[in-house]
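In our numbering, the protein residues as written are -12 to 179.
For each residue, glycine too, the CB sits at the ideal point set by N, CA and C.
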Amino acid sequence: MTNQPQSAGKAAFKRGSTLDATRFYMGSLMSILAPRTETGGQLAIMEAQVKPGNEPPPHIHEWENEVYYVLKGAIEFYCDDQIINVGPGEIMFIPQGKAHAMYIRSPRARLLIVAQATTSDHSTGIDQYFIDMSEPATSLDLPTGQATYATTVDPSKAIKVAASHGVYFLSRDEMLTLLPQYPGFGVSRELV
C-alpha cells in the first residue's frame, strides 16, 4: 500500500459562472463555483460581480482565510491599519480573525473569492452565508433596486445568519478601534 493523499471532496467537477450557479446577493451577482458541500468543507470558491455601494460592512471571518483575486476593476481594502489597493491580476489575502472592509473603487468589479477553512472544527462558511442571504439569479446582469447592506433597514437577519457561518460584523466602536483608516460604512468614495 502506498501513501496516496485522499481527496477531500466527493468527486471531481467542473463549473462555470452560469445562471444555475449564480445568485442575486445584496445588489451583486455571486456565482458559487466550488461550494463547501463539494470540497469536503475545507474550501469554497465564488465569483462576484459588484458595484460601488454593494460592499459588506466591516467584519471578521472566524473560521476561514480569504483570498480575493481581482479580475476586473479596482478595490480598496482595509485590514488592521493598512489601506491596500488591489487591481486586475492582483490578490488580497486576509487571514482568519483579521477585521477587514472594502470599497469598490471602479464602476464595476469582478473577482474570485476563495475561502479556506482554518480548523477541522468548522467547514468554511461564507459560501453558505451568500446562499442564505440571496435568491437565485434570473439573469447574469447586475440586479437593480435590490436591498444592500447600506439600504437594509434592519441588519439583524444578516448579523444572525453571518454569525451562524463564522462571520462577525463589527460594531461601530470595534470598527474605529480595529480599522482606524476605514472612513466608515456607506461613505461615498471617488471612483478611479
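Return the bridge partner residues of residue i from the DSSP annotation.
i, result
"Glu122", "Phe11"
"Asn72", "Glu63"
Under DSSP, the alpha helix (DSSP H) around residue i begins and ends at which residues?
i, result
"Ala(-1)", "It is not in any alpha helix (DSSP H) - Ala(-1) carries neither H nor E in the DSSP assignment."
Residues in its own chain within less than 6 Å of residue i by CB, not counting five upstream and five downstream?
i, result
"Glu63", "Asn72, Tyr90, Arg92"
"Glu122", "Phe11"
"Gly112", "Trp50, His152, Gly153"
"Gln115", "His152"
"Leu165", "Ala86"
"Ile182", "Any answer about residue 182 is impossible in this case: the structure gives the chain only from -12 up to 179."
"Val37", "Ser15, Ile91, Ala96"
Take residue i and list the residues in its own chain whose beta-carbon comes closer than 8 Å to its own, dropping the five residues that flank it on each side.
i, result
"Leu46", "It should be pointed out that residue 46 corresponds to His in this sequence rather than to Leu. So the list reads Ala86, His87, Ala88, Ala149, Val154, Tyr155, Phe156, Leu157, once near-sequence residues are dropped."
What is the DSSP secondary structure of residue i, counted as helix, strand or coil?
i, result
"Pro(-8)", "Unreliable placement is indicated for Pro(-8), whose pLDDT of 46 sits below 50; the coordinate value is still reported in the next sentence. Pro(-8): coil per DSSP, three-state reduction."
"Gln115", "helix"
"Arg159", "helix"
"Ala31", "strand"
"Leu6", "helix"
"Leu16", "strand"
Between which two residues does the beta strand (DSSP E) containing residue i stretch?
i, result
"Glu63", "62 to 66"
"Lys59", "51 to 59"
By Cβ distance below 7 Å, which residues in the same chain neighbour residue i in space, the five residues on each side in sequence not counted?
i, result
"Asp119", "Val148"
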